[in-house]
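If you read the sequences in order, they're chains B and H. When we follow our numbering, the leftmost residue of the first sequence carries the number 97, and every step to the right adds one. When we follow our numbering, the leftmost residue of the second sequence carries the number 97, and every step to the right adds one. Report on the structure given below.
Number of protein chains: 2
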Amino acid sequence: MKVVKFGGSSLASGVQVKKVLDIVVSDPERRIVVVSAPGKRHSDDIKVTDLLIECAGQHLEYGEAVELENAIVGRYDNIAQDLHLPESVTEQIRTDLHELLKGDKSNPERYLDAVKASGEDNNAKLIAAYFQSQGLDARYVNPWEAGLIVSNEPGYVKVLPESYDALYRLREQSGIIVFPGFFGYSENREVITFSRSGSDITGSILANGTKADLYENFTDVDAVYSVNPNVVYNPTEIRELTYREMRELSYAGFSVFHDEALIPAFRAGIPVNIKNTNNPAAEGTRIVNRRDNKNGPVIGIAGDSGFCSIYVSKYLMNREIGFGRRLLQILEESGLSYEHVPSGIDDISIVLRQRQMDQDLEDKIVSRIYEELHADEVKIEHDLSLIMVVGEGMRHNVGTTAKASEALAKAKVNIEMINQGSSEVSMMFGVKNKDETKAIQALYEEFFSKATVLK
Amino acid sequence: MKVVKFGGSSLASGVQVKKVLDIVVSDPERRIVVVSAPGKRHSDDIKVTDLLIECAGQHLEYGEAVELENAIVGRYDNIAQDLHLPESVTEQIRTDLHELLKGDKSNPERYLDAVKASGEDNNAKLIAAYFQSQGLDARYVNPWEAGLIVSNEPGYVKVLPESYDALYRLREQSGIIVFPGFFGYSENREVITFSRSGSDITGSILANGTKADLYENFTDVDAVYSVNPNVVYNPTEIRELTYREMRELSYAGFSVFHDEALIPAFRAGIPVNIKNTNNPAAEGTRIVNRRDNKNGPVIGIAGDSGFCSIYVSKYLMNREIGFGRRLLQILEESGLSYEHVPSGIDDISIVLRQRQMDQDLEDKIVSRIYEELHADEVKIEHDLSLIMVVGEGMRHNVGTTAKASEALAKAKVNIEMINQGSSEVSMMFGVKNKDETKAIQALYEEFFSKATVLK
């Protein structure tokens, strides 16, 4: 049995939805279909989820948003018409959405979640109606009925353990289940959405709950590439990579598959297959527990910009028990999450995403560090990029660091930071933003030598 | 005006003390002489400080230690006889020491400090007597009289700011001052010793307080070497290095000069000159604020063993605000100080000195991390060495990392950890203990290419 998830671009138009149907019927194992909200039809298009967020915002502020409501319903109507569905399908969506938007606004966060989730929910109903119109034994299943109950923890939404048992019962249902992605319910039946692109997570939870043999994730690329195709021309496709490798690559900007979505599949040991709705014959990329290391130590190179570092130095810092902990506490009290903490003997740097800070907060933090920790020097450096060189077994490969740092030196890229030694599957280099592209190209050339680098 | 400090081996015998006199009189700027306790005369000898610690321990336990007392007084007597000093000098030391050992034991820590400090104190009196016997205008000055008042802070002893003003008045005294190293007094006149080898610290404090032009530190080597001479044959001598470089090298095992001793000199910008009592004509090594970088980016390579790392992994750790801080708090609550915290995305390692831990403490910490932080995996890796490659300006030198890691790869040394990016003057590699020597030799060969490596 397979769980199959389709992303927004795979469901953006009637033409796309027809491809989805062909994919589902071509393999009788594809029994649970998880759908996103309609995505972009072309690069200038607006995703339904974005329209919903805007619409909910206007309702909260002005109590109405007629044009946006029409635009949203219009997206569904276009698809419904392309698929020759009866008008009643669109009308039901219009009525339900309007009622929802007019509903209880006493808790704006819950209101917003419910409105956002309607994008997937209505799409699942529409797709189920289409499947039925084509003679399939298919039906929409709501997450509350299925027992997808979650708790809202800081940082991410967590599925309650008992949900998995409840979801197992979906196996017993005959026919094809069409399930909306992106959200679950709290124990008192409030809608809780996952983080953005969270339909991947729903698919993974269902795969875990139903003990599926495979979780297929259909998107609009043939494979996960070893490096961003906007940086390197025609890069190597990755046939197979491990959960850990995927997680490290997503962290640094690989957005093909949602990182939280890996957990449920990983815990149940269910392989994930990334495939292309527009080219279903392509093998795609498999995410697995273990893989052969025959292609050398490196499987992918990713880069992400927008980091800054807070440098703190104090003579004999090293001897002060609790210095690092107190420093991290100052950040925590300002609600800042940090990424890495490279350190010297008497100095320490904290690398964090700079979008979290503005000038005021920076000033406040710098002065707290001076005052409370009696630091000798505190300074903030902006515009850093982190580059991840990822591959299983890298840790035990003498010389990978040498190859990587030599490639960077040849490209005249100065290494601002290296963080290596905790993760067994990655090596991290900090460079200035302006050097990021050059650095990635140089590393790609070193580890995937036959490639052509974009100039 | 110069402050001159002589280490234990420079004062271990009459022959050595005569060299000290020659050095002092050869330069009229050498006005303040700081002395250690008599050190080793040969490699199997026992330092007076070690005899004193043993003796105090026996007195605390049994109320007497006749043989040890005799051994200690015997060391002074040997020197006094070599120098043809009157017997009264030794007898005074015998009486004072006995009285001290029989004294107040209600606070064993203070008792031990007072006994240890007597090694330097009696030696200063002896040296002053010898200088006078040779017709010099010299006198012993006690730290309490001079106003060297300290507070006993966790981690290290701190000089009270007003001490520096008091010490400035030493400039006004005529003749040569002989000052005992290693200790100061609390505000209520209790003896507080500095950490081991703390006479270096006294010299630095006096240099700062008296605004000396130079702080000369006489020991038994011609210079600070760029690498441990037991690991590499006949290594390059360092002519000049910065305070920061010296600090980083001492951290990883360079014991020529005490790291705490750098602070007062550094704060006052007073250069430190490490020289050899047995070869005073040699230039020695100068520790300064700034130096030329003409010798390439690396000035020294040091290595230190006995580290372990606690590895913690948890899926999506990265999203949990406060995870790192709580982890460090667990260590702090067990009184552990850590050195470095390399991190991946969902894993973090804490590198610390393993002598701080035994099996019980390790088990306790591992289970606290599992229970309180819900980690997926916790493991402790033992027997790591840290290798520091040190040099000013290294940070802005494209390619230093590449050279270093290539040298290690060629020597078949696997890099367990790299920590680079906070300190501007060093790069740190973690390797297994067994690879430490091989790693240091390979790095030395790379950065100081003409050298002969010991096989």
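Note that CB positions come from ideal geometry on N, CA and C, so glycine has one too.
Chain B residues whose Cβ lies nearer than 9 angstroms to that of residue i
i, result
"Glu-344 of chain H", "Gly-440, Ile-441 and Asp-442"
"Leu-310 of chain H", "Residues of chain B passing the Cβ test: none, with the nearest at roughly 21 angstroms."
"Glu-488 of chain H", "Chain B residues near Glu-488 of chain H: none, gap ~13 angstroms exceeds 9 angstroms."
"Ser-522 of chain H", "Gly-440 and Ile-441"
Residue i (DSSP reduced to helix, strand or coil)
i, result
"Val-116 of chain B", "helix"
"Pro-276 of chain B", "strand"
"Glu-336 of chain H", "strand"
"Tyr-323 of chain B", "Position check: residue 323 of chain B holds Val in this sequence, whereas Tyr was assumed. Note: Val-323 of chain B maps to coil in three-state DSSP."
"Val-111 of chain H", "helix"
"Arg-386 of chain H", "coil"
"Phe-353 of chain B", "coil"
"Ile-536 of chain B", "helix"
"Phe-544 of chain H", "coil"
"Lys-508 of chain B", "coil"
"Asp-400 of chain B", "strand"
"Asp-531 of chain H", "helix"
"Tyr-158 of chain B", "helix"
"Gln-269 of chain H", "coil"
"Val-328 of chain H", "strand"
"Arg-363 of chain H", "helix"
Extent of the continuous beta strand (DSSP E) run through residue i
i, result
"Ser-522 of chain B", "522-528"
"Asp-296 of chain B", "It is not in any beta strand (DSSP E) - Asp-296 of chain B instead sits in the alpha helix (DSSP H) that spans 295-305."
"His-478 of chain H", "473-486"
"His-436 of chain H", "434-436"
"Arg-451 of chain H", "Note, Arg-451 of chain H: premise wrong, no beta strand (DSSP E); not H, not E."
"Thr-75 of chain B", "The structure shown has nothing for residue 75 of chain B, since chain B only spans 97 to 551."
"Ile-288 of chain H", "287-289"
"Val-255 of chain B", "253-255"
Listed by chain order, chain H residues near residue i by CB distance under 8 angstroms
i, result
"Val-462 of chain B", "Within 8 angstroms Cβ-Cβ: nothing; Val-462 of chain B doesn't reach chain H, min ~16 angstroms."
"Tyr-172 of chain B", "Simply none; closest approach about 33 angstroms."
"Asn-304 of chain B", "In chain order: nothing, as chain H lies at least about 13 angstroms away."
Interface residues of chain B facing residue i [CB-CB closer than 7 angstroms]
i, result
"His-436 of chain H", "Ser-439"
"Gly-495 of chain H", "Ala-505"
"Met-513 of chain H", "Gln-516 and Gly-517"
"Glu-502 of chain H", "Ala-498 and Glu-502"
Own chain partners of residue i with C-beta closer than 7 angstroms, once the 5 adjacent residues on each side are dropped
i, result
"Lys-506 of chain B", "Ala-538"
"Thr-548 of chain H", "Since pLDDT at Thr-548 of chain H reaches only 48, below the 50 mark, its modelled position is unreliable, and the value read off the structure follows with that caveat. Counting only Cβ-Cβ distances below 7 angstroms, and skipping sequence neighbours, we find Tyr-329 and Asn-330."
"Arg-464 of chain B", "Ile-426"
"Gln-230 of chain H", "Leu-117"
Within chain A, partners of residue i - CB distance below 7 angstroms
i, result
"Tyr-411 of chain B", "No chain A appears in the structure shown, which is made up of the protein chains B and H."
Nonlocal neighbours in the same chain, by C-beta distance under 8 angstroms from residue i, ignoring five residues either side
i, result
"Tyr-264 of chain B", "Gly-305, Thr-306 and Lys-307"
"Gly-199 of chain H", "Tyr-207 and Ala-210"
"Ser-282 of chain H", "Ile-245, Val-246, Ser-247, Asn-248 and Ile-288"
"Glu-532 of chain H", "Gly-399, Ser-401, Ser-481 and Ile-483"
"Asp-437 of chain B", "First, the amino acid is wrong: residue 437 of chain B is Val here, not Asp. So the list reads Gly-420, Leu-424, Ile-444, Ser-445, Ile-446 and Val-447, once near-sequence residues are dropped."
Neighbour list for residue i in chain H, Cβ cutoff strictly below 7 angstroms
i, result
"Arg-421 of chain B", "Arg-421, Leu-424, Gln-425 and Glu-428"
"Lys-508 of chain B", "Val-494"
"Ser-293 of chain B", "Those do not exist, as Ser-293 of chain B stays about 15 angstroms from chain H at its closest Cβ, beyond 7 angstroms."
Bounding residues of the alpha helix (DSSP H) (the contiguous stretch that carries residue i)
i, result
"Gly-135 of chain H", "Segment: none, Gly-135 of chain H is in no alpha helix (DSSP H) and carries neither H nor E."
"Glu-187 of chain B", "183-198"
"Asn-219 of chain H", "204-229"
"Asn-174 of chain H", "162-178"
Cβ shell of residue i (< 6 angstroms), same chain only, five flanking positions each side left out
i, result
"Thr-381 of chain H", "Ala-319, Val-320, Ile-334 and Ile-370"
"Lys-551 of chain B", "Any reading at Lys-551 of chain B must be qualified, since the residue scores a pLDDT of 43, below 50, and its modelled position is unreliable; no value is offered."
"Leu-345 of chain H", "Gly-396, Ala-398 and Val-486"
"Gln-452 of chain H", "Leu-432"
"Val-99 of chain B", "Ile-128, Gly-299, Leu-302, Ala-303, Ala-308 and Tyr-311"
"Ile-119 of chain H", "Pro-376"
Residue i: CB within 7 angstroms of a non-hydrogen atom of the ligand PLP
i, result
"Lys-499 of chain H", "Looking for the ligand PLP in the displayed structure turns up nothing, as the structure carries no ligands at all."
Contact set between residue i and chain H, taken where Cβ atoms lie within less than 9 angstroms
i, result
"Gly-349 of chain B", "None at all; the shortest Cβ gap to chain H is about 12 angstroms."
Contact list for residue i against chain B, beta-carbon separation under 8 angstroms
i, result
"Tyr-407 of chain H", "Ser-518"
Checklist entry - Does the segment 414-427 of chain B come close enough to the segment 417-428 of chain H that 3 or more CB-CB pairs lie under 8 angstroms? => result Result yes; three or more Cβ-Cβ pairs closer than 8 angstroms.
Checklist entry - Per the contact definition of three or more C-beta pairs closer than 8 angstroms, is the segment 147-167 of chain B in contact with the segment 117-130 of chain B? => result No, because fewer than three Cβ pairs between the segment 117-130 of chain B and the segment 147-167 of chain B fall closer than 8 angstroms, the two stretches do not touch.
Item to check | At least 3 beta-carbon pairs within less than 8 angstroms: the segment 488-505 of chain B vs the segment 403-411 of chain B | outcome: No: fewer than three Cβ pairs fall under 8 angstroms.
Next on the checklist: Count Cβ pairs between the segment 160-173 of chain B and the segment 183-198 of chain B that sit closer than 8 angstroms; are there 3 or more?
Outcome noted: Segments in contact, yes.
Checklist entry - Does the count of Cβ pairs from the segment 166-177 of chain B and the segment 104-112 of chain B closer than 8 angstroms reach three? => result Touching, per the Cβ criterion.
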